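Heads up, the thing below is written out as structure tokens.
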Amino acid sequence: MTGNSKQVDLEKYAVFVNSVTSTPSQDADAFIYRLQELGGDVAIQRLLTAAVGISAEGGEFMEIVKKMLFQGKPWNDDNREHLIIELGDVMWYVMQACKALDVSLDEVIAGNVEKLKKRYPGGDFDVYHSENRAADDR
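Quick note, the numbering used here runs 27 ahead of the 1-based positions in the sequence shown.
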């Protein structure tokens with residue numbers, strides 16, 4: 028490595044990463060036990076499906092946008108349609124999350140609107156409120 032970069036001992040880093048990783052993340056039996064612990068209160072399998080799927084499909088959506096912005100992919104009807112298809116896949120997983128959480132998509136959207144009304148009290152986006160949020164603004 029050159030410049031201001033520091034040399035990293037990758038063996039020590041691997042040990043460090045392992046030491047700050049939870050047991051369920053490292054051990055299959057602990058992972059299964061944790062799934063069973065959570066299973067009574069939430070449809071954890073559906074929640075996990077939703078979380079993995081939203082991330083994966085969101086990444087596919089972003090990949091198209093990235094290629095348009097940085098790699099010369101054109102804006103055209105085919106790419107628009109591809110984005111819509113990927114957005115549909117994201118929504119399928121969003122609905123999985125709604126089912127897991129026993130909440131309607133309408134409730135989720137209404138909650139989001141209320142959150143944003145509190146964040147932007149004037150009703151319009153502004154950088155200050157975007158960067159300086161209240162402690163309870165998640």
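Ideal Cβ positions, reconstructed from N, Cα and C, are used throughout, including at glycine. Quick caveat: nothing in here was measured; it's all calculated off a predicted structure.
Checklist entry - From D163 to K142, what does the alpha carbon distance come to, in whole angstroms? => result Position 136 of the sequence shown holds residue 163. Position 115 of the sequence shown holds residue 142. Near 10 Å, if we compare the C-alpha coordinates of K142 and D163.
Checklist entry - Do you know offhand how far H156's Cα is from R146's? => result For the purposes of this step, residue 156 is taken as the residue at position 129 of the sequence shown. For the purposes of this step, residue 146 is taken as the residue at position 119 of the sequence shown. Taking the straight line joining both Cα atoms gives about 6 Å.
Next on the checklist: Contact between the region 52 to 68 and the region 103 to 122 is defined here as three or more beta-carbon pairs at a separation below 8 Å; is this criterion met?
Outcome noted: no
Checklist entry - For Y120, does the count of other Cβ atoms within 10 angstroms reach 16, so buried, or fall short, so exposed? => result Indexing the sequence shown from 1 puts residue 120 at position 93. Burial call: buried.
Checklist entry - How many Å lie between K39 and S46 at the Cα? => result Your numbering for residue 39 matches position 12 in the sequence shown. Your numbering for residue 46 matches position 19 in the sequence shown. Straight-line Cα distance between these residues: approximately 11 Å.
Item to check | Own chain residues within Cβ distance below 7 Å of D68, not counting five before or after | outcome: Here the question's residue 68 lines up with position 41 in the sequence shown. Closer than 7 Å at the Cβ level, and outside the excluded window around D68, lies no residue.
Item to check | Same chain only: Cβ atoms within 7 Å of S52, ignoring 5 sequence neighbours per side | outcome: Against the sequence shown, residue 52 aligns to sequence position 25. No residues qualify anywhere along the chain.
Checklist entry - What is the rounded straight-line gap between the Cα of D54 and the Cα of V79? => result Walking along the sequence shown from the start, residue 54 turns up at place 27. Walking along the sequence shown from the start, residue 79 turns up at place 52. Roughly 19 Å separates the two Cα atoms.
Item to check | As assigned by DSSP and simplified to three states, the class of R165 | outcome: As a first step, residue 165 is located in the sequence shown; it is residue number 138 there, counting from the start. Coil.
Item to check | Contact set for M122: own chain, Cβ-Cβ below 7 Å, skip 5 residues either direction | outcome: Along the sequence shown, one-based indexing puts residue 122 at 95. Hits under 7 Å: L132.
Item to check | Integer-rounded CB distance, given that H109 should sit under 8 Å from I91 | outcome: Numbered from its first residue, the sequence shown carries residue 91 at position 64. Numbered from its first residue, the sequence shown carries residue 109 at position 82. 6 Å between Cβ atoms; contact.
Checklist entry - A41: buried (16+ other C-beta within 10 angstroms of its C-beta) or exposed? => result Translated into positions along the sequence shown, residue 41 becomes position 14. Result: exposed.
Next on the checklist: I need the straight-line Cα distance from D105 to I111, nearest angstrom please.
Outcome noted: For the purposes of this step, residue 105 is identified with residue 78 of the sequence shown, where counting begins at 1. For the purposes of this step, residue 111 is identified with residue 84 of the sequence shown, where counting begins at 1. Roughly 10 Å separates the two Cα atoms.
Checklist entry - Tell me which same chain residues have a C-beta within less than 7 Å of the C-beta of Q72, skipping the five on either side of it? => result Taking the sequence shown and counting its residues from 1, the one referred to as residue 72 is at position 45. Closer than 7 Å at the Cβ level, and outside the excluded window around Q72, lies no residue.
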